[in-house]
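To start, the structure itself, in structure tokens.
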Amino acid sequence: MYALIVPASTPFVLLITVMALSWWEDHILPPSTEPAESTAESPAEAPLTPVAPAQLPELARVDTALTGEVAGR
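So for the sequence shown, my numbering puts the first residue at 8; every next one is plus one.
This is how it looks when you write it as structure tokens:
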């Protein structure tokens with residue numbers, strides 16, 4: 008009987024553990040006094056540069072016979 012209870016209860020035990028750690032972090036640990044990371048890397052301020060899509064090599068057609076030129080691509 009215990010062989011069925013342990014695997015079935017594992018997700019609930021993990022969920023309770025994560026929720027308890029979250030509560031502990033919010034209520035027990037002192038607030039962080041470290042300054043926030045530099046905002047130079049924040050997505051709001053970083054300029055977005057579009058990246059050109061990679062050019063794919065042209066594939067050989069199915070009805071084309073494989074020759075040395077086509078096979079070398």
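Idealized CB from N, CA, C, for every residue including glycine.
Residue range 9 to 34 is occupied by the alpha helix (DSSP H) that includes E32. For H34 and L63, the gap between their C-alpha atoms comes out near 54 Å. Our two residues, T40 and T56, have alpha carbons roughly 34 Å apart in a direct line.
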